[in-house]
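See below for the structure under consideration.
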Amino acid sequence: MPRVRARSHEVDEMARMMRAEAEGEGKQGMLYVGNVIINRVVAQCLDFKGVTTVHDAIFQVQGGNFSFEAVQKGNVFYQRSRTSEKRLAQQNINGWRDHPAKFALWYFNPTAPGCPPTWYDQPHTGAFKEHCFYEPKPGTCDSVYRG
549 MPRVRARSHE
559 VDEMARMMRA
569 EAEGEGKQGM
579 LYVGNVIINR
589 VVAQCLDFKG
599 VTTVHDAIFQ
609 VQGGNFSFEA
619 VQKGNVFYQR
629 SRTSEKRLAQ
639 QNINGWRDHP
649 AKFALWYFNP
659 TAPGCPPTWY
669 DQPHTGAFKE
679 HCFYEPKPGT
689 CDSVYRG
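Mapped onto the working numbering, the consecutive letters of the sequence shown carry residue numbers 549 to 695.
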């Protein structure tokens, strides 16, 4: 049973987002980005209350800007998704999760070397290549740990 429901156009959007955000980090990096997208749909807490679809997560606006840099800069629209990225997106939708993004709701690519121990007061869970991953503080978003 899938972790979330997604229509074919959402699988395509997610695949495009994963490619735009992490193509240089290979399949593993793209899967980690997919973890964050799906976790935001599942979370229903903190900044993600009301995010109920993959489309909502990708195009969410926070603080006057789109949440993901690839949407802010338009990178997500530059290239079509390939079959390989659609397969990766479907893996995430079907429940694939792994550390350091297993429960992460945020990631970013720092300009300085290394990852700060917290980001917006949320604990660092690990890094993969250029991205730092952060999950919610214990007790603040239990729903992200389910499913």
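Glycine is no exception: its CB is placed at the ideal position from the N, C-alpha and C atoms.
With a Cβ-Cβ cutoff of 8 Å, do residue i and residue j count as a contact?
i	j	result
Phe681	Ala660	no
Pro550	Ile606	no
Met566	Val589	no
Ala563	Lys634	yes
Val559	Gln638	yes
By the DSSP assignment, the alpha helix (DSSP H) with residue i in it spans what residues?
i	result
Gly582	Gly574 to Ala591
What did DSSP end up calling residue i once you bin it into helix, strand or coil?
i	result
His679	strand
Thr673	strand
Thr631	helix
Phe656	strand
Asn623	helix
Arg564	helix
Phe651	coil
Ala637	helix
Asp690	helix
Val559	helix
Asp646	coil
Ala605	helix
Ala554	coil
DSSP beta-bridge partners for residue i?
i	result
Asn613	Gln610
Thr666	Pro671
Kindly give me the distance between the Cβ atoms of residue i and residue j, rounded to whole angstroms, as I take these residues to be in contact under 8 Å.
i	j	result
Asn703	Arg645	In the structure displayed, the chain extends from 549 to 695; residue 703 sits before or after that span and is not available.
Asn623	Val692	About 26 Å; that fails the 8 Å criterion.
His672	Pro684	Actually they do not touch by this definition, with Cβ atoms about 12 Å apart.
Phe651	Trp667	Actually they do not touch by this definition, with Cβ atoms about 14 Å apart.
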